[in-house]
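Numbering (my numbering), first residue to last: 12 to 147.
We put the CB at the ideal spot given by N, CA and C, even for glycine.
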Ligand code: CMP
C-alpha cells in the first residue's frame, strides 16, 4: 500500500547544506519525491503545523527556530512511507538516535534535529494539506 508523508528539512539542515544528504538518503531507501519546495514559514503556518505542541515549554522557541530561515518541505511516497522515513530520521533526540540515522549521524540538539516527518496517517494528511493543499 503506497503511503505519503510530509518531510521537512528544517532551517538548521538547510543552513548546514544537508538538503542533498537528506534527499539522497530517502531516495536511496526507495522513497519517491512527490513535491519539494524551499520556503520560509509564516508564524501562523508554523503554529498550525506544531499545534499539538502548543502547551509545551519549548513551543515558543520551536516556532522561532522553524520560522527563522528557509526550510525544504517535501512530500514523499512509498510503501509504509511514514514509518520508513521515521526509521531513517532516528529518534527525536539526536543523542539517542542510532548511528546510520539522519539525526544520529548529523545532529546533537533536540530542537535542531535537521528533519521532521509526519508521525501517523492522520498527521500526514493534515500536514500535507497544510503545506501542499493542491495535493489533497
Ligand atoms: P519534530 O519531529 O519536528 O517534532 C517536534 C519538534 O519539537 C521536534 O522535532 C524538535 O525539533 C522539537 N522538540 C522536541 N522536543 C523538544 C525539547 N525537549 N526541547 C526543544 N525542542 C524540542
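Taking the Cβ of residue 73 as the reference point, at least one heavy atom of the ligand CMP falls within a distance shorter than 6 Å. Counting C-beta pairs closer than 8 Å gives fewer than three between the region 100–117 and the region 62–76, which falls short of the contact rule. A residue is called buried when at least 16 other Cβ atoms come within 10 angstroms of its Cβ; residue 21 meets this threshold and is buried. When DSSP states are grouped into helix, strand and coil, residue 41 belongs to the coil group.
Going by DSSP, residue 88 is part of the beta strand (DSSP E) stretching over 82–90.
Taken through DSSP and simplified to helix, strand or coil, residue 140 comes out as helix.
Annotation for residue 120: no residue places its beta carbon closer than 6 Å to its own, counting only its chain and skipping 5 residues before and after. A distance criterion of 6 Å places the beta-carbon of residue 59 beyond contact range of the ligand CMP, judged by its closest non-hydrogen atom. Its Cα nearest to that of residue 132, the residue 93 stands out among 108, 145 and 93.
Counting only runs of 4+ residues, the alpha helix (DSSP H) found wholly inside the region 58–136 occupies 70–77, 92–100 and 113–117, in chain order.
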